[in-house]
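Student:
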Amino acid sequence: MPQQLAIHKGPVQTAKYLIKNVRHGTYLELPDENDATEVVSGFEENRSEQKWEITDLDGNKFWIMNSGTKNYATSGHRASEGDSIVGRSTKQQFRILETGKIGQYVISPTDTSTELYWGFTDSEFGSPVKLHPVPNNDKNQWFLIPVE
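Be aware that the sequence shown starts at 1, since it is given in the UniProt record's numbering, and climbs by one per residue.
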């Protein structure tokens, strides 16, 4: 039986995390280091492509880098609803905010004119993370699980 990993609660700190979808229970994964590869839902737990180094820039803005590929999660400049989160060598700032439920977070770009949030459209493995407008839907919410 796999070991139960502890979920982070409270303000996000610079550390390495697994990012797990609240509704579907799948982990974010960046499958390869190619430019513009989509961040997708992964099957297994605790693979290097599922570990994310989150860097706190000012308590409100963060960089999110994949530990396995060394690429950063990005949505592109002034992203729109439905745009995918992809891996790139360039950095982009995101907000990571705890929801009204302790230990559950939303992740959103800082440069959009409307609030958009990382989320899944369906529960299939390999589904890409896309930007959605609804923060209170648990398919658009995440657990942060500290890892080494």
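Quick reminder that beta carbons are idealized off the backbone N, C-alpha and C, glycines included.
(1) Only counting the same chain, and skipping five residues up and downstream in sequence, which positions put a Cβ closer than 6 Å to that of P135?
(2) Can you list, in chain order, the stretches of the beta strand (DSSP E) that have 3 or more residues and sit fully within the segment 21 to 79?
(3) DSSP puts I107 in a beta bridge; with which residues?
(4) Out of curiosity, what's the CA-to-CA distance linking Y72 and P109?
(5) Could you tell me whether the segment 22 to 42 touches the segment 118 to 135, where touching means 3 or more Cβ pairs closer than 8 Å?
(6) Between the alpha carbons of T69 and I102, how many angstroms are there, rounded?
(7) How close, in whole Å, do the beta carbons of V86 and E33 come, if the pair is a contact with beta carbons under 8 Å?
(8) Is there a Cβ from chain D that is less than 7 Å from the Cβ of K70?
(9) Does DSSP put K16 in a helix, in a strand, or in coil?
(10) Grab me the residues of Q93's own chain with a C-beta within less than 6 Å of its C-beta, minus the 5 sequence neighbours each way, in chain order.
(11) Going by DSSP, name the residue or residues bridged to K130.
(12) Going by the beta-carbon positions, is the gap between W63 and T74 smaller than 7 Å?
(13) Mark H77 as exposed unless 16 or more other C-beta atoms lie within 10 angstroms of its C-beta, in which case mark it buried.
(14) Among the candidates S84, N140, K91 and E45, whose CA atom is the shortest distance from the CA of L5?
(15) Using alpha carbons as the reference points, say which of S80, L97, K91 and S48 lies closest to H8.
Tutor: According to the data block:
(1) Same-chain partners within the cutoff: V106 and Y117.
(2) Those beta strand (DSSP E) runs which fall completely within the segment 21 to 79 and span 3+ residues are 27 to 29, 40 to 42, 51 to 56, 62 to 66 and 72 to 74.
(3) Under DSSP, I107 takes part in a beta bridge, and its partners are I96.
(4) Spanning the alpha carbons of Y72 and P109 requires a straight line of approximately 13 Å.
(5) Yes, the segment 22 to 42 touches the segment 118 to 135.
(6) In a straight line, the C-alpha of T69 is about 30 Å away from that of I102.
(7) The pair is not a contact, with the Cβ atoms about 12 Å apart (cut-off 8 Å).
(8) Looking for chain D here will not work: only one protein chain is present.
(9) Shown here, K16 sits in a strand according to DSSP, grouped into three states.
(10) Cβ within range, chain order: K61 and T110.
(11) Bridge partners of K130: S84 and G119.
(12) Not closer than 7 Å, so no.
(13) Classification for H77: exposed.
(14) Comparing alpha-carbon positions, the option among S84, N140, K91 and E45 lying closest to L5 turns out to be E45.
(15) Selected option, being the one with the closest Cα: L97.
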